[in-house]
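First comes the structure, then the notes that go with it.
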Amino acid sequence: MTTEQQTRARPAYREVEVDVEVRRREAASDGVVTLTLADPNGADLPEWAAGAHIDLLMTPSLVRQYSLCGDTANRAEWQVGVLLDPNSRGGSQFVHDKLHEGSTVRVRGRHRRHPNGADDRGGGSGRCRLAFVVRRQDPVVDGLRRRAAASR
Numbered sequence: 001m002t003t004e005q006q007t008r009a010r011p012a013y014r015e016v017e018v019d020v021e022v023r024r025r026e027a028a029s030d031g032v033v034t035l036t037l038a039d040p041n042g043a044d045l046p047e048w049a050a051g052a053h054i055d056l057l058m059t060p061s062l063v064r065q066y067s068l069c070g071d072t073a074n075r076a077e078w079q080v081g082v083l084l085d086p087n088s089r090g091g092s093q094f095v096h097d098k099l100h101e102g103s104t105v106r107v108r109g110r111h112r113r114h115p116n117g118a119d120d121r122g123g124g125s126g127r128c129r130l131a132f133v134v135r136r137q138d139p140v141v142d143g144l145r146r147r148a149a150a151s152r
């Protein structure tokens, strides 16, 4: 494997801290919102891989870490899903109450919390890992979708 291939397979992780804009906010399910974050000036965001996390710096004393999900090849935006925790210490409540389309929030990181599983095979847990696995199996899923549509 060449150095270039290794770099593409495993992005170099450097700590970043930037302001991002909430481009889209969607209700993913009951009590869960998905925020799509992008650079306010349209610049590419740093590369990331499955298993990466960012800190949302909502106030100086309110910082919470969330898993990045979505398309790792899409450098224009990052996505996080946030469950409204009924016992919230403030983070999920802030996201649900204050972060709407057009809002700006400071983010830090792209930490890898799952170093043993966060490589080109996927990593993390839950929705983010499932989304990654589905994308990795895209040709298979597309074939199944085409067959299902043809049989209707």
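Its first residue numbered 1, the sequence shown is counted upward by one per residue in my numbering. All residues carry an ideal CB built from backbone N, CA and C; glycine is no exception.
Integer-rounded CB distance, given that residue j should sit under 8 Å from residue i
i: V20; j: A38; result: 6 Å
i: M58; j: V105; result: 6 Å
Buried versus exposed, by CB contacts within 10 Å (16 or more), residue i
i: H53; result: buried
i: A27; result: exposed
i: S51; result: At residue 51 the sequence reads Gly, which differs from the Ser that was named. By the 10 Å Cβ count, G51 comes out buried.
i: S67; result: buried
i: A49; result: buried
i: T72; result: buried
Distance between residue j and residue i (C-alpha atoms, nearest Å)
i: E101; j: V95; result: 11 Å
i: D30; j: E17; result: 31 Å
i: Q79; j: S103; result: 14 Å
i: N41; j: E77; result: 12 Å
i: E47; j: R25; result: 22 Å
i: P86; j: T36; result: 23 Å
i: T34; j: Q93; result: 14 Å
i: E15; j: L45; result: 12 Å
i: V32; j: G91; result: 13 Å
Among the options, the one whose alpha carbon lies nearest that of residue i
i: R108; options: E47, Q65, G81; result: Q65
i: V82; options: A76, L56, T72; result: L56
i: R89; options: V32, S61, R25, T36; result: S61
i: L84; options: L45, N74, A73, K98; result: K98
i: A43; options: G91, N74, S92; result: N74
beta-carbon residue i near the ligand ZN non-hydrogen atom, thresh 7 Å
i: R108; result: What this structure holds is no ligand at all, so the ligand ZN is not there to describe.
Length-filtered (3 minimum) beta strand (DSSP E) runs lying within the segment 41 to 97: 52 to 59, 62 to 69, 78 to 83
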